[in-house]
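Under full-length UniProt numbering, think of the first position of the sequence shown as 1, with each following residue one higher. To keep things clear, I will list the structure first and then write my remarks on it.
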Amino acid sequence: MDQEVVSAGQYLACHRDRILCSLPGKPRFFSPPCYSYCACLLPLIWCSLAPYSDTCTHYVSQSMQQMSIHAAMEHAILAREQILLGGLEGAARRGDVVADLVVAKDGSGDFGSIKEAINEADLMLVGDGIGKTVVTGSRSVAGGSTTFNSATVAVTGDGFIARGITFRNTAGPAKRQAVALRCNADLAVFYRCSFEGYQDTLYAHSLRQFYRECDVHGTVDFIFGNAAAVLQDCNIYVRRPMSKQQNTITAQGRTDPSQNTGIVIQHCRVTAAPDLRPVQGKFRTGGFALNTLYYGEYKNTGPGSDTSRRVRWRGHHVITDPSTALRFTVRGLLSGGSWLPATGVPFTDGL
1 MDQEVVSAGQ YLACHRDRIL CSLPGKPRFF SPPCYSYCAC LLPLIWCSLA
51 PYSDTCTHYV SQSMQQMSIH AAMEHAILAR EQILLGGLEG AARRGDVVAD
101 LVVAKDGSGD FGSIKEAINE ADLMLVGDGI GKTVVTGSRS VAGGSTTFNS
151 ATVAVTGDGF IARGITFRNT AGPAKRQAVA LRCNADLAVF YRCSFEGYQD
201 TLYAHSLRQF YRECDVHGTV DFIFGNAAAV LQDCNIYVRR PMSKQQNTIT
251 AQGRTDPSQN TGIVIQHCRV TAAPDLRPVQ GKFRTGGFAL NTLYYGEYKN
301 TGPGSDTSRR VRWRGHHVIT DPSTALRFTV RGLLSGGSWL PATGVPFTDG
351 L
């Protein structure tokens, strides 16, 4: 086998058909065939070239026993274009990321806007954190747009990653449907991001998507679409709706029962935003899709988790069998073990 040796303290990541060994300021990609065996032999990291294997990321995680795989992935320069948002000062603070491009309004970067910087390559957007790097827009259905086209940011390129960014639609509740982010990209990952709006905030349009440690704010149908999407360790904030409106968190849009799609909320917290008052009386639910929906609950905790007084819809299921619940996990819905390790984002594969 051919071997490539790099110094300890440099980082290793497997991205689909490529292994990346990152050197300070100079990432080096080896492709294809993929390295299917990688080992950390301190004080050296070495990579052995071998034929392509679907279990590449498995071998990386199992063999690097002397170095935390999460630490390596956290600091890896992934095999994709990376754009830093927030200027050179922010880039200096994030010493774990070497950017291909820097976007800064103050002129300190390569571009003054995200639109100027984005191309069709695999893309990673890195911000300074929730509330610090904010991308805003105000398009809405009431303002003359469509729901699809109202998105402040639309993601269509496969393998997209966003970290530490707030995506916000400022149209307001009176403007009805107004999307903060629409994603119809496969293998898309959002890590420590925030999505802020009212109706139709987060449009998980299609394909496989993973959200980790994110915040989602909204009023009506504010997590919706027909993706296979898993939200894990996220905060979901229910905001005060307009008069004669009621809060609906999810609105999954599948029309073909054979599709393997759905919205999974796992290890998340659903709470009222500061402007939302508790229900003062009773309200009626509509009758749309009650006989065709699938709504499952498995081992929820906290106030409101008692299922004994739930609605008696045919599509509502209290899941007690772990094997059934496993269908609605990163492993069961996304096959995440084959692609998420390369992103460097932490995740729980099963329950």
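No residue lacks a Cβ here, since even glycine has one placed at the ideal position from N, Cα and C.
Asked: Can you tell which of G262, P173, Q177 has the C-alpha that lies nearest to the C-alpha of R239?; Found: P173
Asked: Is the beta carbon of A185 sitting closer than 8 angstroms to the one on T156?; Found: yes
Asked: Note the first and the last residue of the continuous beta strand (DSSP E) segment covering A204.; Found: 202 to 204
Asked: Rounding to the nearest angstrom, what Cα-Cα distance links D215 and N291 in this structure?; Found: 31 angstroms
Asked: Are the beta-carbon atoms belonging to V230 and Q266 less than 8 angstroms from one another?; Found: yes
Asked: Using only alpha-carbon positions, find the residue among A151, G286, I130 that is nearest to G137.; Found: A151
Asked: Within the same chain, show all residues whose beta-carbon is closer than 7 angstroms to that of Q177, passing over the 5 residues directly before and after it, in chain order.; Found: S140, V141, T147, S150, Q199, D200
Asked: Mind checking K175: buried by the 16 CB within 10 Å criterion, or exposed?; Found: buried
Asked: According to DSSP, simplified to helix, strand and coil, what is A229?; Found: strand
Asked: Which residue marks the beginning of the alpha helix (DSSP H) containing A325, and which one marks its end?; Found: 322 to 325
Asked: Relative to the C-alpha of C234, which candidate in V270, L202, N226, V220 has its C-alpha closest?; Found: V270
Asked: I believe L333 touches A228 by the beta-carbon criterion, under 8 angstroms. Please report the beta-carbon distance rounded to the nearest angstrom.; Found: 5 angstroms
Asked: Looking only at its chain, what residues have a beta carbon closer than 6 angstroms to the beta carbon of E213, apart from the 5 residues adjacent to it on each side?; Found: R192, D233
Asked: Take T307 and list the residues in its own chain whose beta-carbon comes closer than 7 angstroms to its own, dropping the five residues that flank it on each side.; Found: E297, V318
Asked: On a CA-only basis, which of P303, F160, K299, R314 is nearest T320? Give me that one, please.; Found: K299
Asked: For residue 388, count neighbouring C-beta atoms within 10 Å of its own C-beta (all shown protein chains included) and say buried if the count is 16 or more, exposed if not.; Found: No answer is possible for residue 388: the residues shown for the chain start at 1 and end at 351.
Asked: Along the chain, where does the beta strand (DSSP E) containing D215 start, and where does it finish?; Found: 215 to 218
Asked: Between the beta-carbon of T324 and the beta-carbon of L351, is there less than 8 angstroms?; Found: no
Asked: In or out: T133 buried (at least 16 other Cβ within 10 Å) or exposed?; Found: buried
Asked: Please give the ranges of any beta strand (DSSP E) in the region 115 to 168, keeping only runs that are unbroken, at least 3 residues long and fully inside the region.; Found: 123 to 126, 134 to 137, 153 to 155, 161 to 163
Asked: On the DSSP letters alone, give me the boundaries of the beta strand (DSSP E) that F195 sits inside.; Found: 194 to 196
Asked: When you compare each of Y237, A289, Q245, V264 to A204 by their alpha carbons, which one comes out closest?; Found: V264
Asked: Relative to the C-alpha of L187, which candidate in V345, F347, T348, W339 has its C-alpha closest?; Found: W339
Asked: On the three-state DSSP scale, how would you describe L101?; Found: strand
Asked: Roughly how many whole angstroms lie between the Cα atoms of G164 and G127?; Found: 5 angstroms
Asked: Tell me whether R182 sits in a helix, a strand or coil according to DSSP, three-state version.; Found: strand
Asked: Taking A154 and H217 to be in contact with their CB atoms under 8 angstroms, please state how far apart those CB atoms are, rounded to whole angstroms.; Found: Contact doesn't hold; Cβ gap of about 19 angstroms is too wide.
Asked: Helix, strand or coil: how does DSSP classify A289 here?; Found: coil
Asked: Considering only their Cβ atoms, is the gap separating G144 from R168 smaller than 8 angstroms?; Found: no
Asked: Hey, out of D100, L326, G304, Y294, whose CA is closest to R314's CA?; Found: Y294
Asked: Going by beta-carbon coordinates alone, are I130 and S194 separated by less than 8 angstroms?; Found: yes
Asked: By the 10 Å Cβ neighbour count, where 16 or more other Cβ atoms means buried, how is F288 classified, buried or exposed?; Found: exposed
Asked: Helix, strand or coil for A174 per DSSP?; Found: helix
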